[in-house]
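Visitor: Below: one structure in structure tokens.
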Amino acid sequence: VTAPVRVAVVGLGYWGPNIVRNFYELDEAELVFVVDRDAGARERVQRRFPSVRGAESLEMVLEDETVDAVAIATPVSTHFELASAALQAGKHVFVEKPLAASSSEAEALAAIATERGVVLMPGHTFLYSPPVIKIKELIDDGEIGDILFVTSSRVNLGLHQSDVSVVWDLGPHDFSILRYLLGELPATVSAMSRSCVLPDIPDVAFINMTFPSDTIAQVQLSWLAPSKLRRTAIVGTRKMIVYDDTATEPIRVFDSGADLPDPESFGEFRLTYRTGDIVSPRIEATEPLSLELAEFCTAITDGTPLRSSLAVGLDVVRTIEAVEESLRANGEPTRLVAPAGSRRPEA
Ligand SMILES: NC(=O)c1ccc[n+]([C@@H]2O[C@H](COP(=O)([O-])OP(=O)(O)OC[C@H]3O[C@@H](n4cnc5c(N)ncnc54)[C@H](O)[C@@H]3O)[C@@H](O)[C@H]2O)c1
Numbered sequence: 001v002t003a004p005v006r007v008a009v010v011g012l013g014y015w016g017p018n019i020v021r022n023f024y025e026l027d028e029a030e031l032v033f034v035v036d037r038d039a040g041a042r043e044r045v046q047r048r049f050p051s052v053r054g055a056e057s058l059e060m061v062l063e064d065e066t067v068d069a070v071a072i073a074t075p076v077s078t079h080f081e082l083a084s085a086a087l088q089a090g091k092h093v094f095v096e097k098p099l100a101a102s103s104s105e106a107e108a109l110a111a112i113a114t115e116r117g118v119v120l121m122p123g124h125t126f127l128y129s130p131p132v133i134k135i136k137e138l139i140d141d142g143e144i145g146d147i148l149f150v151t152s153s154r155v156n157l158g159l160h161q162s163d164v165s166v167v168w169d170l171g172p173h174d175f176s177i178l179r180y181l182l183g184e185l186p187a188t189v190s191a192m193s194r195s196c197v198l199p200d201i202p203d204v205a206f207i208n209m210t211f212p213s214d215t216i217a218q219v220q221l222s223w224l225a226p227s228k229l230r231r232t233a234i235v236g237t238r239k240m241i242v243y244d245d246t247a248t249e250p251i252r253v254f255d256s257g258a259d260l261p262d263p264e265s266f267g268e269f270r271l272t273y274r275t276g277d278i279v280s281p282r283i284e285a286t287e288p289l290s291l292e293l294a295e296f297c298t299a300i301t302d303g304t305p306l307r308s309s310l311a312v313g314l315d316v317v318r319t320i321e322a323v324e325e326s327l328r329a330n331g332e333p334t335r336l337v338a339p340a341g342s343r344r345p346e347a
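Numbering-wise (our numbering), the sequence shown opens with residue 1 and increments by one.
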């Protein structure tokens with residue numbers, strides 16, 4: 001495939017139009033089809049992008065040999081069916097998070113992509129968010145020291161989903177960020193949740209995780225909250241970071257900590273607390289989705305590696321499944337068994 005990649009977008013509900021707009025604006029892509037079975041959704045998008053053809057089903061697009069790639073932004077229950085059809089037709093596929101509704105589905109998609117020799121990319125947008133990339137740099141440069149623990153709050157009022165829990169909807173963001181920053185799959189997860197509004201659809205979840213490196217993390221997710229929080233705190237042996245995705249200065253690095261100097265005599269206990277400078281690094285104001293979709297295109301044309309790799313997508317689905325297993329077991333910790341060789345993944 002040579003640039004621009006000719007792409008079709010399936011699913012034009014809440015999120016799909018953002019994918020449409022970004023592909024439309026990218027030099028690396030040429031948007032050729034927008035697909036939704038809902039005519040109203042199609043018309044709304046085609047009014048803004050009149051040159052783009054509409055289709056009511058993916059099958060119509062898959063027959064078109066000039067279409068190189070398909071981006072899927074439909075509900076998670078449909079990801080496997082649509083993605084496997086597109087992969088079988090030899091198309092490169094981008095699937096919005098989470099990759100699929102189970103790890104067996106996700107692994108089956110990965111197998112088809114490998115067999116057909118095409119790119120399969122999960123859409124973990126936060127891995128292209130400039131603050132998250134900056135935090136990863138700070139960690140890799142040793143600024144933070146070893147990561148002791150991470151806490152995260154991703155709560156706001158709505159949007160309640162009727163088909164998936166808050167763990168499937170919001171969880172992929174934190175699980176992909178943790179997977180990227182720590183470079184490892186959790187060792188155990190334990191969780192509790194409650195279905196406050198809709199019966200049997202948990203809309204609040206508290207998730208505790210341990211990692212092979214001894215880092216621990218706590219993630220709070222909810223669609224029922226008085227105000228919107230997107231706040232992650234990363235506490236390291238050298239420094240601490242607060243990442244607030246709603247703030248104009250999204251990252252603050254605190255030169256704070258507590259030190260325990262070697263006791264001069266056995267049993268002596270003299271802790272010193274440090275509260276030094278607070279630094280807010282400059283962050284580019286680039287739209288993450290644009291960077292993400294550009295990378296999908298260059299992976300197709302040039303074989304460049306993906307930050308939101310298939311391995312990340314698979315691990316995120318495995319993490320969600322482990323959370324669900326713990327929920328069924330009343331919060332008992334679930335051990336995650338990483339497939340051979342992927343405990344400390346490179347990508
Ligand atoms: N990366 C992010 O930050 C982000 C944000 C929001 C949503 N998402 C993801 O995007 C996906 C879609 O979420 P949403 O909130 O936009 O859902 P939505 O329900 O608002 O829209 C889904 C659209 O898909 C269409 N559709 C469903 N099945 C179809 C089929 N078989 N063929 C053609 N069209 C079909 C529906 O008619 C609807 O218009 C989900 O995977 C979600 O997790 C990602």
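Ideal Cβ positions, reconstructed from N, Cα and C, are used throughout, including at glycine.
Do H160 and L198 have their CB atoms nearer than 8 angstroms?
Guide: Taking the sequence shown and counting its residues from 1, one reaches residue 160 at position 160. Taking the sequence shown and counting its residues from 1, one reaches residue 198 at position 198. Going by C-beta atoms, H160 is nearer than 8 angstroms to L198.
Visitor: Could you tell me the alpha carbon to alpha carbon distance between R274 and D255, rounded to whole angstroms?
Guide: Locating residue 274 in the sequence shown gives position 274, counting from the first residue. Locating residue 255 in the sequence shown gives position 255, counting from the first residue. One C-alpha to the other measures close to 7 angstroms.
Visitor: With DSSP collapsed to three states, give me the class of S190.
Guide: Counting from 1 along the sequence shown, the entry for residue 190 is found at position 190. Strand at S190.
Visitor: So, helix, strand or coil for T78, using DSSP?
Guide: By one-based count along the sequence shown, residue 78 stands at place 78. It is helical.
Visitor: Quick one: what's A69 bridged to in DSSP?
Guide: By one-based count along the sequence shown, residue 69 stands at place 69. According to DSSP, A69 bridges with V7 and H92.
Visitor: Of all the options I177, S104, T237 and W223, which has the alpha carbon lying nearest to the alpha carbon of I147?
Guide: Taking the sequence shown and counting its residues from 1, the one referred to as residue 147 is at position 147. Taking only the C-alpha atoms, the option nearest I147 is T237.
Visitor: Extract the residue ranges of the beta strand (DSSP E) inside the stretch 224-284, only unbroken runs of 3 or more that lie entirely within it.
Guide: If we require 3 residues or more, the beta strand (DSSP E) runs fully inside the stretch 224-284 come out as 229-236, 240-244, 251-259 and 272-279.
Visitor: Just to confirm, does R37 get its C-beta within under 7 angstroms of one of the non-hydrogen atoms of ligand 1?
Guide: As a position in the sequence shown, residue 37 is number 37, starting the count at 1. Yes, ligand 1 has a heavy atom inside 7 angstroms of this Cβ.
Visitor: Out of L26, A191 and Y180, which has the shortest C-alpha to C-alpha gap to D140?
Guide: As a first step, residue 140 is located in the sequence shown; it is residue number 140 there, counting from the start. Checked all of L26, A191 and Y180; the closest Cα to D140 is Y180.
Visitor: Nearest-angstrom Cα distance between G142 and L306?
Guide: For the purposes of this step, residue 142 is identified with residue 142 of the sequence shown, where counting begins at 1. For the purposes of this step, residue 306 is identified with residue 306 of the sequence shown, where counting begins at 1. Distance between the alpha carbons of G142 and L306: 24 angstroms.
Visitor: For E332, collect the residues of the same chain with a Cβ closer than 7 angstroms to its Cβ; drop the 5 residues on either side in sequence, then sort them by chain order.
Guide: Stepping through the sequence shown from its first residue, residue 332 is reached at position 332. Cβ within range, chain order: S190 and S326.
Visitor: Output the residue ranges of the alpha helix (DSSP H) runs that lie fully inside the stretch 110-192 and measure 4 residues or longer, sorted by chain position.
Guide: The stretch 110-192 contains these whole alpha helix (DSSP H) runs: 130-140, 166-169 and 171-182.
Visitor: Determine the direct distance from the alpha carbon of A225 to that of P17, and round the result to whole angstroms.
Guide: As a position in the sequence shown, residue 17 is number 17, starting the count at 1. As a position in the sequence shown, residue 225 is number 225, starting the count at 1. Roughly 27 angstroms separates the two Cα atoms.
Visitor: Which of the three DSSP states, helix, strand or coil, is assigned to A29?
Guide: Counting from one through the sequence shown, the residue named residue 29 turns up at place 29. It is a strand residue.
Visitor: Checking 8 angstroms against the spacing of the C-beta atoms, do L62 and A86 come in under that value?
Guide: Counting from 1 along the sequence shown, the entry for residue 62 is found at position 62. Counting from 1 along the sequence shown, the entry for residue 86 is found at position 86. In this structure, A86 lies closer than 8 angstroms to L62 by Cβ.
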